[in-house]
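The block underneath contains the structure these notes are about, expressed in structure tokens.
In our numbering, the protein residues as written are 22 to 642.
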């Protein structure tokens with residue numbers, strides 16, 4: 022091990038062939054290193070490594086000797102592709118152990134892996150470990166570029182051959198940055214982007230929790246070499262300790278192909294550090310100061326009414342209230358007096374569905390005073406005689422005339438100023454959408470419900486606008502909800518109308534420690550980009566709520582955000598859609614081609630031509 026010290030001095034100071042240091046200088050530095058490095062501990066651990074069975078992979082043997090373990094969820098472990106060209110990027114918080122852990126993680130999915138590592142690690146003399154590594158000089162000194170040409174070519178050819186490569190793009194360990202007063206990686210090397218382009222590899226972001234000691238960070242400010250010298254001792258301090266690793270969703274090459282090298286690295290860094298927000302999981306509901314209703318406070322859900330009574334009410338509805346049929350499904354609209362038993366069933370199914378999503382009123386049924394005069398859009402299964410899903414729909418013109426703004430459900434969440442009345446007179450308020458849990462495995466029920474709403478609008482084309490509250494439930498981490506709100510506020514609000522709306526219970530956001538997500542606001546432009554970020558944070562892989570995504574595809578703009586204390590403190594986004602500005606192809610999908618064209622003509626919009634459209638059953642009416 023002492024020979025390693027001398028080799029390290031020579032390697033570091035003489036690497037690249039530019040050293041002119043005297044022999045006494047080399048001896049002084051060697052003595053200094055012997056005092057700084059924990060040689061006895063390193064020698065002992067090295068001897069223990071040789072005693073372990075060779076049947077265990079070398080990374081796992083090293084971790085065992087170090088007394089170090091790591092945690093990774095089963096779902097994250099499964100995210101690593103088992104074949105094909107792959108480049109794994111990760112943050113570099115410790116300087117060594119994360120490379121061993123990364124190798125261990127990848128070897129559990131595939132055997133064709135290599136890790137790019139600091140050339141100084143080659144001095145450890147662990148042959149099996151060296152076989153897993155491609156050594157580079159990360160110090161950006163004179164001669165480093167020339168030295169790195171060969172390992173760079175080796176890395177490109179390795180990945181081109183359909184194999185996996187792990188890289189720490191910072192090259193050096195994370196350290197204190199005075200500009201941000203945070204311990205993070207330095208700027209990531211664009212060399213990674215070159216490897217990706219030449220190999221067309223899939224990318225995989227990995228984030229390791231933790232950082233080195235305050236002493237390490239402080240001394241590193243004096244001179245970068247001090248960080249390098251202290252790394253062995255810092256990594257030995259990790260024992261016994263658990264390192265938590267988080268793996269994001271794979272990023273296909275086509276997602277990066279159109280970006281320049283700098284943008285590729287910014288995006289990969291964003292996707293990697295974004296995973297660090299999972300650390301906030303134990304603080305899931307600190308986003309709100311109000312306590313979340315516990316399941317213990319929920320009353321038992323009411324029993325269902327007799328199916329025959331419900332079926333009789335549906336069959337007795339006038340023919341004009343049948344919006345359309347698809348196979349064994351009917352989409353119908355009805356008012357409360359027409360369907361007392363069916364309305365009770367709707368309230369029961371709402372409560373079941375919403376509780377499953379972490380929401381719900383906690384009552385036996387989810388019904389309120391608005392159900393008395395709102396329309397119900399129901400998806401009815403003729404063969405099974407059961408309600409599959411539903412929407413609640415309010416004609417804002419009639420409601421405002423008879424009851425004023427207080428007659429709108431959303432007025433319980435937002436205060437409206439009179440300036441909104443002219444716009445709302447041509448609008449439908451939508452809400453309380455649900456699909457019974459056993460039918461939530463596919464999007465077909467929601468597609469059919471949206472088609473039902475589209476047919477209703479086609480029959481009543483004066484309703485140019487749709488508005489309503491879209492719930493972001495408490496199953497999402499606080500930081501996910503905060504990201505959604507900030508993204509939607511950044512370029513997706515209706516600036517002319519939002520000033521006439523005020524939330525009754527504004528979400529009291531707190532600082533969530535997102536120092537590394539400043540890039541999000543410059544790189545996340547599409548709703549799908551945001552959904553990918555959210556999916557990486559959420560342990561279950563959930564992206565943004567499907568209804569939020571749907572309304573944005575319709576061209577929806579947001580007027581405000583409010584917390585609903587009567588609905589398990591769900592975060593509600595108030596959205597407004599101008600259907601006359603929605604793409605004709607999308608309108609045709611839900612209104613039918615002729616219905617969409619007629620609707621646009623009624624509202625003074627003349628489409629140049631009808632687009633192809635299809636209902637969920639593949640037909641176009």
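Backbone N, C-alpha and C fix where the C-beta goes; we use that ideal spot for every residue, glycine too.
Check: In this structure, does DSSP put residue 388 in helix, strand or coil?
Finding: Residue 388 sits at position 367 when you count from the first residue of the chain shown. Here residue 388 sits in coil by DSSP.
Next item on the list: Measure the C-alpha to C-alpha separation of residue 617 and residue 370 and round it to an integer number of angstroms.
Entry: Indexing the chain shown from 1 puts residue 617 at position 596. Indexing the chain shown from 1 puts residue 370 at position 349. Distance between the alpha carbons of residue 617 and residue 370: 31 Å.
Margin query: Based on DSSP bridge pairs, tell me the residues matched to residue 398.
Written below: As a working mapping, residue 398 is identified with position 377 in the chain shown. Under DSSP, the beta-bridge partners assigned to residue 398 are 354, 412.
Check: Quick one: any contact between the region 427-437 and the region 483-497, if contact means 3 or more CB pairs under 8 Å?
Finding: yes
Margin query: Count Cβ pairs between the region 171-186 and the region 277-285 that sit closer than 8 Å; are there 3 or more?
Written below: no
Margin query: With H, G and I counted as helix, E and B as strand and the rest as coil, what does DSSP make of residue 132?
Written below: Position 111 of the chain shown, counting from 1, holds the residue named residue 132. In the structure shown, residue 132 sits in coil (DSSP, three-state: anything other than H, G, I, E or B).
Check: In the structure shown, what three-state DSSP assignment does residue 101 receive?
Finding: Position 80 of the chain shown, counted from the first residue, corresponds to residue 101. Residue 101: coil per DSSP, three-state reduction.
Check: Can we count residue 608 as close to the ligand NAD, meaning its CB is less than 6 Å from some heavy atom?
Finding: The ligand NAD is absent from the structure shown, which contains no ligand whatsoever.
Notebook entry, point to check: Is the number of C-beta pairs between the region 85-105 and the region 119-126 that are closer than 8 Å three or more?
Noted result: yes
Check: Three-state secondary structure (DSSP) at residue 139?
Finding: Working through the chain shown from its first residue, we reach residue 139 at position 118. Reduced to three states, the DSSP call for residue 139 is strand.
Check: Going by other Cβ atoms of all chains shown within 10 Å of its Cβ, with 16 needed for buried, is residue 443 buried or exposed?
Finding: Translated into the one-based positions of the chain shown, residue 443 becomes position 422. Residue environment for residue 443: exposed (fewer than 16 other C-beta atoms within 10 angstroms of its C-beta).
Item checked: Residue nearest to residue 553 in terms of C-alpha spacing, selected from 471, 504, 150 -> Looking up residue 553 in the chain shown gives position 532. The residue with the shortest Cα to Cα distance from residue 553 is 504.
Note to self: Using only the alpha-carbon positions, how far apart do residue 535 and residue 527 sit?
What the structure shows: Here the question's residue 535 lines up with position 514 in the chain shown. Here the question's residue 527 lines up with position 506 in the chain shown. For residue 535, the predicted model reports a pLDDT of 45, less than 50, meaning its position is unreliable; a value from the coordinates is still stated below. Rounded to the nearest angstrom, the two C-alpha atoms are 21 Å apart.
Checklist line | Coil, strand or helix - residue 77 by DSSP | finding: In the chain shown, counting from the first residue as 1, residue 77 sits at position 56. Coil, per DSSP.
Next item on the list: Spell out the partners DSSP gives residue 173 in its beta bridges.
Entry: For the purposes of this step, residue 173 is taken as residue 152 along the chain shown, with counting starting at 1. Paired residue(s): none; residue 173 is not in a bridge.
Next item on the list: Going by DSSP, name the residue or residues bridged to residue 583.
Entry: Here the question's residue 583 lines up with position 562 in the chain shown. 593.
Checklist line | Among 107, 377, 468, the one whose alpha carbon lies nearest that of residue 322 | finding: Within the chain shown, the letter at position 301 stands for residue 322. Checking every option, the nearest Cα to that of residue 322 belongs to 377.
Next item on the list: Between the Cα of residue 129 and those of 622, 415, 224, 95, spot the shortest distance and give me the residue it belongs to.
Entry: Taking the first residue of the chain shown as position 1, residue 129 is located at position 108. For the residues 622, 415, 224, 95, the minimum Cα distance to residue 129 belongs to 95.
Next item on the list: In the DSSP assignment, find the alpha helix (DSSP H) that holds residue 508 and state where it starts and stops.
Entry: For the purposes of this step, residue 508 is taken as residue 487 along the chain shown, with counting starting at 1. Counting along the chain, the alpha helix (DSSP H) containing residue 508 begins and ends at 499-510.
Notebook entry, point to check: Among 399, 226, 290, 75, which residue has its Cα nearest to the Cα of residue 332?
Noted result: Taking the first residue of the chain shown as 1, we reach residue 332 at position 311. For residue 332, the nearest C-alpha among the options comes from 399.
Notebook entry, point to check: Can you tell which of 560, 468, 520 has the C-alpha that lies nearest to the C-alpha of residue 613?
Noted result: Counting from one through the chain shown, the residue named residue 613 turns up at place 592. Comparing Cα positions, the closest option is 468.
Check: Can residue 622 and residue 578 be called in contact, C-beta distance under 7 Å?
Finding: Within the chain shown, numbered from 1, the residue matching residue 622 stands at position 601. Within the chain shown, numbered from 1, the residue matching residue 578 stands at position 557. No, the Cβ-Cβ distance between residue 622 and residue 578 is not below 7 Å.
Note to self: Nearest by alpha-carbon distance to residue 610: which of 586, 473, 544 is it?
What the structure shows: Indexing the chain shown from 1 puts residue 610 at position 589. When only C-alpha atoms are compared, the closest one is 473.
Margin query: I'd like the span of the beta strand (DSSP E) that includes residue 94, first residue to last.
Written below: On the chain shown, residue 94 is found 73 positions in, with the first residue counted as 1. Careful: residue 94 lies outside any beta strand (DSSP E) and carries neither H nor E.
Notebook entry, point to check: residue 545 to residue 509, Cα distance in whole Å?
Noted result: Translated into positions along the chain shown, residue 545 becomes position 524. Translated into positions along the chain shown, residue 509 becomes position 488. Distance between the alpha carbons of residue 545 and residue 509 is about 11 Å.
Margin query: Measuring CB atoms only, is the region 343-359 touching the region 388-404, in the sense that at least three cross pairs come out at less than 8 Å?
Written below: yes
Margin query: Could you give the first and the last residue of the continuous beta strand (DSSP E) run that contains residue 267?
Written below: Position 246 of the chain shown, counted from the start, is the residue given in the question as residue 267. Residue 267 -> beta strand (DSSP E) spans 262-268.
Next item on the list: Give a yes or no on contact between the region 405-416 and the region 450-457, applying the rule of three or more CB pairs nearer than 8 Å.
Entry: The region 405-416 is in contact with the region 450-457.
Note to self: I need the straight-line Cα distance from residue 221 to residue 213, nearest angstrom please.
What the structure shows: Numbered from 1 along the chain shown, position 200 holds the residue referred to as residue 221. Numbered from 1 along the chain shown, position 192 holds the residue referred to as residue 213. About 12 Å.
Checklist line | Where residue 222 falls: helix, strand or coil (DSSP) | finding: Numbered from 1 along the chain shown, position 201 holds the residue referred to as residue 222. In the structure shown, residue 222 sits in coil (DSSP, three-state: anything other than H, G, I, E or B).
Check: Taking Cβ positions, are residue 109 and residue 296 nearer each other than 7 Å?
Finding: Within the chain shown, numbered from 1, the residue matching residue 109 stands at position 88. Within the chain shown, numbered from 1, the residue matching residue 296 stands at position 275. No, they are not a contact pair.
Notebook entry, point to check: Would a C-beta distance cut-off of 7 Å place residue 135 and residue 179 closer than the cut-off?
Noted result: Taking the first residue of the chain shown as 1, we reach residue 135 at position 114. Taking the first residue of the chain shown as 1, we reach residue 179 at position 158. The answer is yes: Cβ separation under 7 Å.
Next item on the list: Return the CA-CA distance between residue 284 and residue 209, expressed in angstroms with no decimal places.
Entry: Numbered from 1 along the chain shown, position 263 holds the residue referred to as residue 284. Numbered from 1 along the chain shown, position 188 holds the residue referred to as residue 209. Straight-line Cα distance between these residues: approximately 11 Å.
Margin query: For residue 119 and residue 159, which I take to be in contact (beta-carbon distance under 8 Å), what is that distance rounded to the nearest angstrom?
Written below: Working through the chain shown from its first residue, we reach residue 119 at position 98. Working through the chain shown from its first residue, we reach residue 159 at position 138. Their Cβ separation, rounded to whole angstroms, is 14 Å, which puts residue 119 and residue 159 out of contact at 8 Å.
Next item on the list: Would you mind stating whether residue 121 and residue 137 have Cβ atoms separated by less than 7 Å?
Entry: Position 100 of the chain shown, counting from 1, holds the residue named residue 121. Position 116 of the chain shown, counting from 1, holds the residue named residue 137. No, the pair does not count as a contact, with Cβ atoms beyond the cut-off.
Notebook entry, point to check: Whose CA, out of 327, 325, 347, 351, lies closest to the CA of residue 336?
Noted result: If you number the chain shown from 1, residue 336 lands on position 315. Considering only alpha carbons, the answer is 351.
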